[in-house]
Amino acid sequence: MSWRKKPKENSPGLDRVFANWLSQVCMMILPKSLYMVAGRGSAKTTDIQVERLLEMVYDLPGAPVAWVADTYSNLQKNVLRTVKEGLTAKGMVEGVHYVIGKRPPEIPQKERPDLPPELKEHFWMPYNEIGSYRHTIVFFTGFNITFGSLDRPASLAGGNYVHVFGDEVKYFRKERILNLQKAVRGMRVKYGHSVFYRGHTFTTDMPNVDQVGEYDWVLERGNRMNTPALLRVLRTAFVVNEALGEYYAACEEGTTEEIIAKKRTWQRWVERWTATRLAKEAHSMFYIASSYVNVDILTPDWFEDAFNDDFIDAKTTVLSLKPSPETGELFYANLGERHFYQDGTSPDWEMRFGLQDEEDCRILKYHDRSKAIDMGLDFGNMHSMTLAQEIGKHYRVSKFIYTLSPEWIRELADKFLAFYKPHREKVVHLYYDRAANNYKKAGQDLATQLKKALEVDGDGNRTGWKVILMSEGQGNIGQNEEYNFMQELFQEHNRKLPRVLIDYFHCKPLRCSLQLAKTKKRTDRGRNIVSKDKSGEKLPIHRLPLESTNPSDSFKYLMMRKTWRRHVRGARKPEVGDASVRG
187 MSWRKKPKEN SPGLDRVFAN WLSQVCMMIL PKSLYMVAGR GSAKTTDIQV
237 ERLLEMVYDL PGAPVAWVAD TYSNLQKNVL RTVKEGLTAK GMVEGVHYVI
287 GKRPPEIPQK ERPDLPPELK EHFWMPYNEI GSYRHTIVFF TGFNITFGSL
337 DRPASLAGGN YVHVFGDEVK YFRKERILNL QKAVRGMRVK YGHSVFYRGH
387 TFTTDMPNVD QVGEYDWVLE RGNRMNTPAL LRVLRTAFVV NEALGEYYAA
437 CEEGTTEEII AKKRTWQRWV ERWTATRLAK EAHSMFYIAS SYVNVDILTP
487 DWFEDAFNDD FIDAKTTVLS LKPSPETGEL FYANLGERHF YQDGTSPDWE
537 MRFGLQDEED CRILKYHDRS KAIDMGLDFG NMHSMTLAQE IGKHYRVSKF
587 IYTLSPEWIR ELADKFLAFY KPHREKVVHL YYDRAANNYK KAGQDLATQL
637 KKALEVDGDG NRTGWKVILM SEGQGNIGQN EEYNFMQELF QEHNRKLPRV
687 LIDYFHCKPL RCSLQLAKTK KRTDRGRNIV SKDKSGEKLP IHRLPLESTN
737 PSDSFKYLMM RKTWRRHVRG ARKPEVGDAS VRG
């Protein structure tokens with residue numbers, strides 16, 4: 187209310203910070219479980235998730251929580267980075283307030299007498315036993331996060347957690363997340379008083395189930411929300427905020443009696459606010475918001491660019507509108523779940539690579555370091571590298587590596603050399619597009635450039651790798667031939683072709699590219715010609731890895747070598763099966 191006393195804006199000890207209105211609402215309600223579907227750039231992680239995280243740092247000293255992502259690589263490169271950005275923006279300093287991937291400092295008891303009572307017991311001391319700190323963040327209150335991912339099942343196995351965080355949960359299979367939630371248990375005597383005990387914090391942009399690998403189970407969480415109960419919490423929070431302002435104003439100008447009275451009033455309203463949050467009907471909050479909640483930061487120009495790039499996609503990822511069903515035929519129509527494996531992470535190595543470590547080929551369960559590597563390569567503003575070996579009865583595609591412009595041949599080679607550094611048989615069989623042979627006489631063909639970059643590092647030293655160019659003199663591979671070849675390959679009726687298995691997690695861009703590629707049909711002299719719809723390659727460059735056909739082209743060159751193409755030529759027309767887009 188306008189007549190109530192408020193602290194002065196320039197008062198010492200007060201910081202002026204910006205938070206969009208949705209972030210403020212989430213801060214004021216702070217429910218046990220938050221399920222948020224919001225557009226890109228809406229500060230889901232850096233503000234909303236991190237603000238809840240910091241509340242738990244103080245509310246749950248010593249407590250263990252879990253943070254899960256779809257892949258550990260995404261966790262390292264994206265999730266951890268944005269969490270650190272959010273912590274930094276809120277005044278948290280690594281090495282002062284928290285440590286990543288290492289044991290926290292040990293503070294002797296004799297140095298603790300002057301600590302506040304709420305910090306003494308767990309100052310840099312987690313309540314739970316931590317076997318390895320490689321996958322953790324530990325805060326000065328003892329509160330600790332264990333990071334895990336769906337491609338590393340053992341990363342969170344056997345743990346007891348009081349809360350679970352997840353970002354971009356549209357990539358989580360429902361059954362996987364339900365299994366994880368079973369680990370949110372225990373420590374009730376110690377932490378059962380907290381509103382956050384056994385809760386969830388899940389955020390994502392709008393899932394599109396027409397995109398293979400996206401799931402919409404999070405939308406079901408809206409059925410758990412009791413709006414009147416949450417509004418009661420919000421109204422109480424407004425009073426708490428006013429009472430806190432009056433208390434702070436009294437501290438600046440009031441008498442001792444007034445300060446004591448205002449403090450007592452504020453504390454009573456905090457107790458009421460906590461009680462309303464603890465009510466069972468107020469445990470769950472579900473909200474769908476567009477990126478416009480953060481328009482003051484993003485600016486109108488950002489939205490204009492997003493809509494100009496791809497309005498159909500922006501309706502889902504920016505406006506958070508549910509996508510319309512897509513229609514069309516799939517180019518790799520016989521590709522199915524049987525062609526992917528999800529146990530491709532080595533259980534012997536997954537716990538050895540922590541948050542601060544770079545994975546190498548030892549993380550691959552189905553990879554023989556004593557055998558040569560087959561490489562399929564596609565060049566362009568996205569360089570795509572598909573890597574495979576024959577392991578047992580299957581031809582396993584175990585890794586996908588890429589670069590985006592302005593990165594070029596040197597950067598792509600460096601990524602390969604780093605990942606396969608422990609590999610012993612340093613031989614690569616390179617399959618590539620005929621166009622990569624162009625300008626060979628001038629020494630400028632891309633295949634030869636990559637060969638040199640793999641055999642000699644950026645400092646001019648020999649790497650020990652030998653690259654054999656397998657596509658010299660190869661003819662053009664037409665898309666109609668590719669279509670027929672791939673139908674027969676994935677149909678698995680031709681015994682002369684390999685039985686292909688693709689790593690579900692380590693080859694995510696390739697998986698998305700194969701599963702989403704659609705057909706274009708045209709007539710040539712009375713014949714129906716099938717080609718691949720390559721319109722996705724015109725998307726903004728940052729969207730190419732998961733939404734274009736670029737990765738699938740590197741797979742094409744890997745598989746359509748001369749010997750295997752001969753086994754399909756002249757064969758009967760394959761039974762294509764259901765070519766409709768999977769929902």
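187 is the number of the first residue of the sequence shown in this note's numbering; add one for each residue after it. We put the CB at the ideal spot given by N, CA and C, even for glycine.
Neighbourhood of residue i by C-beta, 8 angstroms cutoff - its chain only, sequence neighbours within 5 removed
i           : result
residue 595 : 569, 632, 635, 636 and 639
residue 608 : 546, 547, 548 and 555
residue 399 : 357, 694, 697, 698 and 701
Chain-order list of residues whose beta-carbon lies under 7 angstroms from that of residue i (same chain, five-residue window excluded)
i           : result
residue 246 : 329, 348, 377, 380 and 382
residue 157 : Since the first residue of the chain shown is 187 and the last is 769, residue 157 is not available in this structure.
residue 409 : none
residue 193 : 200, 431, 434, 435 and 438
Nearest-angstrom beta carbon gap, residue j and residue i [assumed within contact, 8 angstroms]
i           : j           : result
residue 721 : residue 708 : Between residue 708 and residue 721 the Cβ distance is about 14 angstroms, and since that is not below 8 angstroms, they are no contact.
residue 586 : residue 698 : The pair is not a contact, with the Cβ atoms about 10 angstroms apart (cut-off 8 angstroms).
residue 668 : residue 742 : 6 angstroms
residue 309 : residue 326 : 7 angstroms
residue 395 : residue 221 : So it is not a contact: roughly 17 angstroms between Cβ atoms.
residue 390 : residue 211 : Between residue 211 and residue 390 the Cβ distance is about 18 angstroms, and since that is not below 8 angstroms, they are no contact.
residue 261 : residue 351 : Actually they are not in contact, since the Cβ atoms of residue 261 and residue 351 sit about 11 angstroms apart, beyond 8 angstroms.
Spatial distance of residue i from residue j (CA atoms)
i           : j           : result
residue 574 : residue 584 : 6 angstroms
residue 597 : residue 202 : 43 angstroms
residue 502 : residue 653 : 44 angstroms
residue 537 : residue 548 : 12 angstroms
residue 617 : residue 407 : 47 angstroms
residue 225 : residue 495 : 16 angstroms
residue 266 : residue 454 : 37 angstroms
residue 507 : residue 656 : 47 angstroms
residue 318 : residue 489 : 44 angstroms
residue 524 : residue 567 : 31 angstroms
residue 466 : residue 214 : 17 angstroms
residue 534 : residue 258 : 15 angstroms
residue 438 : residue 196 : 12 angstroms
residue 603 : residue 644 : 11 angstroms
residue 482 : residue 754 : 58 angstroms
residue 591 : residue 300 : 55 angstroms
residue 627 : residue 662 : Residue placement at residue 627 is flagged as unreliable, the pLDDT there being 46, under the threshold of 50; the coordinate-derived value follows with that caveat. Distance between the alpha carbons of residue 627 and residue 662 is about 19 angstroms.
residue 682 : residue 714 : 27 angstroms
residue 674 : residue 311 : 59 angstroms
residue 582 : residue 676 : 13 angstroms
residue 254 : residue 366 : 9 angstroms
residue 315 : residue 307 : 15 angstroms
residue 363 : residue 242 : 21 angstroms
residue 206 : residue 457 : 26 angstroms
residue 426 : residue 459 : 7 angstroms
residue 236 : residue 341 : 22 angstroms
residue 186 : residue 739 : The structure shown does not extend to residue 186, since the chain is modelled only from 187 through 769, so no value can be given for it.
Assigned exposure category for residue i - 16 Cβ within 10 Å defines buried
i           : result
residue 442 : exposed
residue 553 : buried
residue 737 : buried
residue 321 : buried
residue 200 : exposed
residue 691 : buried
residue 461 : exposed
residue 338 : buried
residue 280 : exposed
residue 252 : buried
Own chain residues within Cβ distance below 6 angstroms of residue i, not counting five before or after
i           : result
residue 238 : 387
residue 436 : 444, 445 and 448
residue 402 : 393 and 395
residue 429 : 451, 452 and 455
residue 613 : 558 and 652
residue 275 : none
residue 625 : The predicted position of residue 625 is uncertain, since its pLDDT is 45 and thus under 50; a value taken from the coordinates is nonetheless stated next. Cβ neighbours of residue 625 beyond the five flanking positions: 631.
beta-carbon residue i near the ligand FAD non-hydrogen atom, thresh 7 angstroms
i           : result
residue 371 : For the structure depicted, the ligand FAD is absent and the ligand set is empty, with no information on it obtainable.
Minimum Cβ-Cβ distance from residue i to chain B less than 8 angstroms
i           : result
residue 289 : Within the model displayed, chain B is absent; a lone protein chain is all it includes.
In the segment 690-724, which residue ranges form an unbroken alpha helix (DSSP H) of at least 4 residues, counting only runs that do not cross its ends?
With a minimum length of 4 residues, the continuous alpha helix (DSSP H) runs that stay inside the segment 690-724 are 694-702.
Let me know the beta strand (DSSP E) ranges lying completely inside the segment 461-547, each 3 residues or longer, listed in chain order.
You should have 470-475.
Which runs of the beta strand (DSSP E) at least 3 residues long sit entirely within the segment 290-342? Give them in chain order.
Taking 3 residues as the shortest admissible run, the segment 290-342 contains the following complete beta strand (DSSP E) segments, listed from N- to C-terminal end: 322-325 and 330-335.
At 4 residues or longer, what runs of the alpha helix (DSSP H) sit wholly inside the segment 220-252?
List check, alpha helix (DSSP H) in window: 236-245.
Give the list of continuous beta strand (DSSP E) stretches no shorter than 3 residues that lie fully inside the segment 412-471.
Fully enclosed beta strand (DSSP E) runs of 3 or longer: not present.
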